[in-house]
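2 protein chains.
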Amino acid sequence: MAQKNKLQFIILGLLNQHPLTGYDLTKAFDNEIGEFWQAQHSQIYPQLKRLEDQGYITHEVTISGAKLEKKLYHITATGAQLLHTWISDGTPDLTATKDEFILKLYFIRTSRDPRLVPMLHEQRRLHTDKLTHLQARLKTVFPTKASQAENYGHYLILQHAIGREAYYVNWLQQTLIAIPKAR
Amino acid sequence: MAQKNKLQFIILGLLNQHPLTGYDLTKAFDNEIGEFWQAQHSQIYPQLKRLEDQGYITHEVTISGAKLEKKLYHITATGAQLLHTWISDGTPDLTATKDEFILKLYFIRTSRDPRLVPMLHEQRRLHTDKLTHLQARLKTVFPTKASQAENYGHYLILQHAIGREAYYVNWLQQTLIAIPKAR
DNA sequence: TTCATCATGTAACACGTTACATGATTCG
DNA sequence: CGAATCATGTAACGTGTTACATGATGAA
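Residue numbers (the UniProt record's numbering), protein chains in the order written: chain A, 1 to 183; chain B, 1 to 183.
Following this line, the structure appears as structure tokens:
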């Protein structure tokens, strides 16, 4: 196999909560899931077909209005089993974060490079914005202790993402301070 | 375009430091660069051909031993210009980190899920190992102030990676502590 | 002389993005 | 009745991984 096809597990994980259509799944990737994983409908529809061929999901056709057909997908027992196995299995591969800014930084040889400070400023702005956005999301999605306990994993990863961005912003800040001033 | 072809810029960036063969480039991805970017020789050789067709690099053939041909690639002026432009241009896209563990965590619904604690322990071990490895690298690659100043960008990103892993380990630790004990 | 490494390439396949394509429903 | 959204699909292309394929060199 080339990679690992994580998409199939995300779909199974979402269907394990509620039956959904391909369209609903696409929306999920635009919204909550989109914070940490992306997928387009052109990837989702074929994957649904494959999962169904393999017996991990089934669908029923419902009619909306006069004749618009919706395919509502359900997870099967074997699908739920596969999902459980995936989560239970070890996750030993720490994906290298392919951060384009970090890559560019690698090629900056000296602290006197005139491109350095503007680059750091841009990233500080972008990561500060992201941090603010994530903090707002935490407040709206998990306003109460009860809501946090109800979707504990989601709560944890939002917290984690906030901490990560806070670290990033702080590192940029410290790096900017540490750069020797041009004489 | 589908993505952005960052590989071409990495190759240009490396050739901007020294002329290298495809084999040397492959080694670079196994070693220093491998910490934050991967590429196999099957991707590198065709990319070298494309960059040469576009006039960004040239090569000279050298003979090693009796008849082994090595293609030593050099960056051209237009190649150096392209590299400079890429670095100078903004980097507004913050890549979502596709961390499989985080993804699995999303599907853990409650703090009582028996899979949760073992998962966190495994990740703590993995990220602690990575942190240790990175700290060792910092010491061997940048032992002196002078060495840090000489390859400032590389030094910064190693520092950054260490801080990131330290945050990750700390977060895992705090999360483990916060999980309510089973009664 | 054999094994690890040097050295370069292609093929097949998996994954991911953008674009193409079509049609129904709902709300103003 | 027009526009936004709902709803489902395919095609083309780019990127990335694994596997296939070949041969030379250097050191034990």
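All residues carry an ideal CB built from backbone N, CA and C; glycine is no exception.
Taken through DSSP and simplified to helix, strand or coil, H59 (chain A) comes out as strand.
Between I63 (chain A) and chain B, the shortest Cβ-Cβ separation is not below 7 Å. Rounded to the nearest whole angstrom, the CA to CA distance from D24 (chain B) to K70 (chain B) is 10 Å. Taking a Cβ-Cβ threshold of 8 Å, the residues of chain B close to N151 (chain A) are R109, in chain order. Distance check between Q123 (chain B) and each of B:F101, B:H74, B:A146 and B:A166 places B:F101 closest, using alpha-carbon atoms only. Counting of Cβ neighbours within 10 angstroms places I177 (chain B) among the exposed residues, the total staying below 16. Close to S88 (chain A), with beta-carbon spacing below 8 Å, are these residues of chain B in chain order: R115. Contact between the stretch 136–145 of chain A and the stretch 107–118 of chain B is absent: fewer than three C-beta pairs spanning the two stretches fall below 8 Å.
Fully enclosed alpha helix (DSSP H) runs of no fewer than 4 residues occupy 116–141 and 145–150 of the stretch 112–156 of chain A, in order along the chain. Two segments are said to touch when three or more pairs of C-beta atoms, one from each, lie closer than 8 Å; by this definition the stretch 145–157 of chain B does not touch the stretch 31–49 of chain A. Looking at the DSSP output, Y73 (chain B) sits in a beta bridge with B:L20 and B:H59. Chain-ordered, the chain A residues with CB closer than 9 Å to the CB of T175 (chain B) read L156, Q159 and H160. I75 (chain A) counts as buried, since at least 16 other C-beta atoms from the protein chains shown sit within 10 angstroms of its C-beta.
L103 (chain A) sits in a helix when the DSSP states are folded into three classes. The continuous alpha helix (DSSP H) containing K49 (chain A) extends over residues H41 to D53.
In this structure, DSSP gives L68 (chain B) an extended state, which the three-state scheme calls strand.
By the C-beta criterion, the stretch 86–104 of chain A is judged to be in contact with the stretch 28–40 of chain B, since at least 3 inter-stretch pairs fall below 8 Å.
Rounded to the nearest angstrom, the gap between the Cα atoms of F29 (chain B) and T58 (chain B) is 21 Å.
The Cβ neighbour count for R125 (chain A), taken over all protein chains shown within 10 Å, is under 16; the residue is labelled exposed. The C-alpha of S64 (chain B) is placed about 57 Å away from the C-alpha of L14 (chain A). Around the CB of Q8 (chain B), 16 or more other CB atoms lie within 10 Å, so the residue is classed as buried.
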